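Anchor point for the sequence shown: position 50 equals 50 in full-length UniProt numbering, and the numbering is continuous, going up by one each time. Okay, structure first, notes after.
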Amino acid sequence: MEKENQNNQIHHYDESNTSVVNLTINGNLKQLKVQPWVSLLDAIRDHSNLTGTKKGCDHGQCGACTVLCDGKRILSCLSLAVMKDGSEITTIEGVATDGNLHPLQTAFIEHDAFQCGYCTPGQICSAIGMLQEGKAHTREEVKEQMSGNLCRCGANTNIIDAIMEVKEKTL
1 MEKENQNNQI HHYDESNTSV VNLTINGNLK QLKVQPWVSL LDAIRDHSNL TGTKKGCDHG
61 QCGACTVLCD GKRILSCLSL AVMKDGSEIT TIEGVATDGN LHPLQTAFIE HDAFQCGYCT
121 PGQICSAIGM LQEGKAHTRE EVKEQMSGNL CRCGANTNII DAIMEVKEKT L
C-alpha cells in the first residue's frame, strides 16, 4: 500500500504490519485495519471519517481530541487505536440522541461558549465525562476538572457557565 504525504513523498506500508481493531464508535461497530502506531484520534478521523474530533497539539496538552472511551474521557491523541480494541467510543458526532442535541450542546449555544469552535467538541466530550464522574461539585472544581481543555479564544467563562447550567439542571 502506498500513501502520499503532504510533501508528495510516497511511503510504502507493508500490509502485514497492520492490525484489525474493533471499535464501537457512536453505536456503530467498526473494523479498522491500522498500523500499530496509529493513534485513536487518527483512527477516528482518517479511518472512520468522523472529523468532529480535532487534532490540536497532538501531544495531549490542549484537549481538543477528547472523546469518551467506555464512558470515560480520554485524550485520543495519546492512545493507540490497537490499545482500545473492543472499546466503545463516543465522539462529538455521537452525543446527540434521536436528533436532539445533548443538553451541553444546547447550553454551549445559549451561553455563546465558543468563538472559533475548534476546541468545542473536546470541551463538550470532556464536560460530559466530568459530569458522569461526579467529581466536580463547585464552580472552582469544574474549572479545575476542565483545565485540560484549552480555549485560546477566551470563551472559558462562558464554557464554565454552560457546564454549570447543565450540572445544576441534572442534580
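We put the beta carbon where it would ideally sit given N, CA and C, even for glycine. All of these numbers come straight from a predicted model, not from anything done at the bench.
Taking residue i as the reference, give the member of the options with the closest Cα.
i	options	result
residue 35	24, 81, 56	81
residue 23	169, 90, 75	90
residue 31	79, 59, 87	87
residue 71	141, 127, 169, 164	127
residue 33	20, 132, 42, 41	20
Quick one: measure Cβ to Cβ for residue i and residue j, integer angstroms, because I've assumed they're closer than 8 Å.
i	j	result
residue 119	residue 151	5 Å
residue 148	residue 63	5 Å
residue 103	residue 166	5 Å
residue 73	residue 130	7 Å
Could you pull out every residue in the same chain whose Cβ sits closer than 6 Å to the Cβ of residue i, ignoring the five residues on either side in sequence?
i	result
residue 56	62, 64
residue 111	158, 161, 162
Applying the 10 Å Cβ sphere with the 16-neighbour rule, what's the burial state of residue i?
i	result
residue 122	buried
residue 69	buried
residue 125	buried
residue 26	buried
residue 66	buried
residue 16	exposed
residue 105	buried
Just to confirm my understanding: we take residue i, look at its own chain, exclude 5 residues before and 5 after, and list those with CB closer than 8 Å. What are they?
i	result
residue 144	136
residue 45	51, 53, 55
residue 60	75, 77, 78
residue 164	139, 142
Excluding sequence positions up to five away, which residues of its chain have a Cβ less than 7 Å from the Cβ of residue i?
i	result
residue 58	77
residue 153	115, 116
Legend entry - Inter-stretch contact (C-beta, 8 Å, three-pair minimum) for the stretch 141–160 and the stretch 89–102: no
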